[in-house]
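Asker: Protein chains in written order, with the working numbering: chain C, 1299 to 1555; chain R, 53 to 66.
For every residue, glycine included, the Cβ atom is placed at its ideal position computed from N, Cα and C.
For clarity, every value in this text was computed on a predicted model and none was experimentally measured.
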Amino acid sequence: MLELRLVQGSLLKKVLEAIKDLVTDANFDCSATGFSLQAMDSSHVALVALLLRSEGFEHYRCDRNISMGMNLNNMSKMLKCAGNDDIITIKGDDGSDTITFMFESPTQDKIADFEMKLMDIDSEHLGIPEAEYHAIVRMPSAEFSRICKDLSSIGDTVVISVTKEGVKFSTRGDIGAANIVLRQNTTVDKPEEATIIEMNEPVSLTFALRYMNSFTKATPLSSMVTISLSSELPVVVEYKIAEMGYVRFYLAPKIEE
Amino acid sequence: LKSQARIARFFRYS
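(1) Are the beta-carbon atoms belonging to methionine 1522 of chain C and proline 1438 of chain C less than 8 Å from one another?
(2) Rounded to whole angstroms, how far is the Cβ of serine 1365 of chain C from the Cβ of leucine 1314 of chain C, which I believe are closer than 8 Å?
(3) I'd like to know whether the C-beta of leucine 1507 of chain C is nearer than 8 Å to at least one C-beta of chain R.
(4) How is glutamate 1313 of chain C classed by DSSP in three states: helix, strand or coil?
(5) Is the separation between the beta-carbon of histidine 1423 of chain C and that of glutamine 1336 of chain C shorter than 8 Å?
(6) Name the DSSP bridge partner or partners of lysine 1389 of chain C?
(7) Using a Cβ-Cβ cut-off of 8 Å, state whether leucine 1527 of chain C counts as contacting chain R.
(8) For glutamate 1536 of chain C versus tyrosine 1544 of chain C, is the C-beta distance shorter than 8 Å?
(9) Which chain R residues sit within Cβ distance under 7 Å of valine 1343 of chain C?
(10) DSSP on phenylalanine 1248 of chain C, reduced to helix/strand/coil?
(11) Grab the span of the beta strand (DSSP E) containing leucine 1345 of chain C for me, first residue to last.
(12) Mapping DSSP to helix, strand and coil, what is serine 1443 of chain C?
(13) Output needed for isoleucine 1434 of chain C: all residues of its chain with C-beta closer than 6 Å, excluding positions within five of it in sequence on either side, in chain order.
(14) Under 8 Å, Cβ to Cβ, is there at least one residue of chain R near serine 1552 of chain C?
(15) Candidates C:Ala1540, C:Val1457, C:Gly1474 and C:Ala1476: which alpha carbon is nearest glutamate 1566 of chain C's?
(16) Per DSSP, cysteine 1360 of chain C is paired with what?
(17) Would you report the Cα separation of aspartate 1323 of chain C and methionine 1376 of chain C, rounded to the nearest angstrom?
(18) For the candidate residues C:Leu1300, C:Ala1344, C:Ile1494 and C:Gly1307, whose alpha-carbon lies nearest to that of alanine 1330 of chain C?
(19) Of the residues that make up the region 1311-1338 of chain C, which ones have a beta carbon closer than 9 Å to any beta carbon in chain R?
(20) Can you name, in chain order, every residue of its own chain whose Cβ lies under 7 Å from the Cβ of lysine 1318 of chain C, other than the five neighbours on each side?
(21) Is it buried or exposed for valine 1465 of chain C, if we count other Cβ within 10 angstroms and need 16 for buried?
(22) What does glutamate 1441 of chain C touch in chain R if you count any residue whose Cβ is under 9 Å from its own?
(23) Using only the alpha-carbon positions, how far apart do leucine 1507 of chain C and glutamine 1406 of chain C sit?
(24) List the residues of chain R whose Cβ lies closer than 8 Å to the Cβ of histidine 1423 of chain C, in chain order.
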């Protein structure tokens, strides 16, 4: 028996919009810790890890650990039927091959349930080791989105370099080249407008912009994004979900063969 | 020339 009641249902709607273009089918895992997912894109270049902690739900009942295979496009179709202010409850019964999404309007005058078929998905979990990152950049998520979009009109790849001067995003294409440098800036009115650069060692890595642009679909989830870089490790692009958890995207770098 | 690495190069299946 599974019953997860999320008062801020819009969070789940935003999570699906953030990941559905990257991953087609995925197993959602439910345990005492929370509602989570780990899945790779079809080319096994990017990985998404989602955690919605149990404490973030108004009601969280999960009698035993369960893994439920879902088609994210179908799940998104159903969640789009929930209003932005709706309370969403996810319900499942042991051994059932369906899951139910219940949507309640804030005034309780409309209650809908949508039943979705589950699917068997063979997926192996990857162990993500704790790593010391050479550099961690925390910046406004809208700024990061803007940079990825702007650079992708010039080139296909972005070189992200962190030095003591700041963080540089560079690309090159048939029509020319572009460099965008951000310096640390903590003298802003609001903390969500700050750019904070922690650097232990300079680092420079190359990534496909197509994936970076896909990650920025998570921008509505958080005003800030954290980009963690280490040489020869996948970059981590993290969007924190207020008081609940996170969506983390890992992207393998382009490397010299 | 750089080529695209895969995630499994860095993270092992658990």
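Answerer: Taking the coordinates as given:
(1) Yes.
(2) The Cβ separation is near 18 Å, so there is no contact.
(3) No - not a single Cβ of chain R is within 8 Å of the one on leucine 1507 of chain C.
(4) Rather than glutamate, the amino acid found at residue 1313 of chain C in this sequence is valine. Residue state, collapsed to three classes: helix.
(5) Their beta carbons are under 8 Å apart, which means histidine 1423 of chain C touches glutamine 1336 of chain C by this criterion.
(6) Paired residue(s): C:Glu1301 and C:Thr1398.
(7) By the rule that beta-carbons nearer than 8 Å mark a contact, leucine 1527 of chain C does not touch chain R.
(8) Between glutamate 1536 of chain C and tyrosine 1544 of chain C, the C-beta gap is smaller than 8 Å, which places the two residues in contact.
(9) Those are Gln56, Arg58 and Ile59, listed as they occur along chain R.
(10) Residue 1248 of chain C is absent from the structure shown; chain C starts at 1299 and stops at 1555.
(11) From DSSP, the beta strand (DSSP E) with leucine 1345 of chain C extends over 1344-1351.
(12) DSSP places serine 1443 of chain C in the helix class (H, G or I) of the three-state scheme.
(13) Counting only Cβ-Cβ distances below 6 Å, and skipping sequence neighbours, we find Glu1496 and Ser1526.
(14) For clarity, residue 1552 of chain C is lysine in the given sequence; the question names serine instead. Yes, lysine 1552 of chain C lies at the interface with chain R (some Cβ there is under 8 Å from its Cβ).
(15) Given a span of 1299 to 1555 for chain C in the structure shown, any question on residue 1566 of chain C remains unanswerable.
(16) Beta-bridge pairing by DSSP links cysteine 1360 of chain C to C:Leu1300.
(17) Between aspartate 1323 of chain C and methionine 1376 of chain C, the C-alpha separation is close to 15 Å.
(18) Out of C:Leu1300, C:Ala1344, C:Ile1494 and C:Gly1307, C:Leu1300 has the C-alpha closest to the C-alpha of alanine 1330 of chain C.
(19) Going along the region 1311-1338 of chain C in chain order, one finds Met1338 with a Cβ nearer than 9 Å to chain R.
(20) Only Leu1370, Asn1371 and Ser1374 meet the Cβ criterion.
(21) In this structure valine 1465 of chain C is buried. Its beta-carbon is surrounded by 16 or more other beta-carbon atoms within 10 angstroms.
(22) Below the 9 Å Cβ cutoff, chain R contributes no neighbours of glutamate 1441 of chain C, its closest Cβ being approximately 26 Å away.
(23) Distance between the alpha carbons of leucine 1507 of chain C and glutamine 1406 of chain C: 44 Å.
(24) What histidine 1423 of chain C touches in chain R: Tyr65 and Ser66.
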